[in-house]
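Residue numbers (my numbering): 58 to 152.
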């Protein structure tokens, strides 16, 4: 986790340096969770919470308020439409 945090920091610093933070939507996700030894398992080929819970973080300064949490389930299938909506200026989403 520390390495991921470090690289996200590098990325955020760079978009600030380039002056593009206000019009850049950053998305961080994964295709699966990780068991990391839970239930005595290490691989992802099961449907326990640790394996099926997928991280999703969206960062869009001035558009998505910091600290916004969505409790509803989301799907990667929704991301394309969301990105396209934001790219044409649609920001009327409710959390």
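Think of the CB as a built atom: it goes at the ideal place given N, C-alpha and C, for glycine as much as any other residue.
Residue range 83 to 86 is occupied by the beta strand (DSSP E) that includes residue 86. Classified as buried, residue 108 has 16 or more neighbouring CB atoms from the shown chains inside 10 Å of its CB. In this structure, DSSP gives residue 115 an extended state, which the three-state scheme calls strand.
Residue 100 and residue 90 have their C-alpha atoms roughly 10 Å apart. DSSP, reduced to helix, strand and coil, places residue 73 within a helical segment of the structure shown. Across the structure, residue 77 and residue 62 are spaced so that their CA atoms are roughly 20 Å apart.
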